[in-house]
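Undergrad:
Numbering (UniProt numbering), first residue to last: 1 to 111.
#1: What's the gap between the Cα of residue 56 and the Cα of residue 25?
#2: Which of the three DSSP states, helix, strand or coil, is assigned to residue 36?
#3: Could you check whether residue 71 and residue 83 sit closer than 8 Å to each other, using their CB atoms as the reference points?
#4: In its own chain, which residues sit with a C-beta less than 8 Å from the C-beta of residue 5, not counting the 5 before and 5 after it?
#5: What whole-angstrom Cβ distance do residue 10 and residue 50 have, given they're in contact under 8 Å?
#6: Shortest alpha-carbon distance to residue 35 belongs to which of 77, 27 and 81?
#7: Please name the residue, chosen from 16, 47 and 90, that lies closest to residue 67 on a Cα-to-Cα basis.
#8: Between residue 69 and residue 88, how many whole angstroms is the CB-CB distance? I'm expecting something under 8 Å.
#9: Classify residue 8 as helix, strand or coil using the three-state DSSP reduction.
#10: Please state whether DSSP places residue 92 in a helix, a strand or coil.
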């Protein structure tokens with residue numbers, strides 16, 4: 001993923017997952033921390049941007065139907081004090097529709 005001319009990607013790193021950044025101007029790699037709570041048994045992690053100035057991280061936690069979205073507190077220009085806030089928690093268990101045939105859900109469109 002690219003943001004403000006630099007490349008970012010997730011590094012699963014053994015025991016220490018993080019975000020890697022490559023600064024093309026300085027031709028230098030930098031390791032950025034993930035939110036500490038995002039590392040708790042996550043299955044899926046997706047890195048994205050918010051308004052072309054902040055990083056966002058989507059985590060799906062194993063053994064649950066919860067997903068969390070984390071966003072950096074500051075613009076990505078300053079990575080020295082990079083910190084994260086939990087923006088949104090979605091519990092997909094609440095959205096599950098059990099025992100309803102598809103045709104009922106779609107209002108009998110198959111008739």
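Ideal Cβ positions, reconstructed from N, Cα and C, are used throughout, including at glycine.
TA: Taking the definition as stated:
#1: 23 Å
#2: helix
#3: no
#4: 24 and 25
#5: No, residue 10 and residue 50 are not in contact; Cβ-Cβ is about 16 Å, not under 8 Å.
#6: 81
#7: 90
#8: 4 Å
#9: strand
#10: helix
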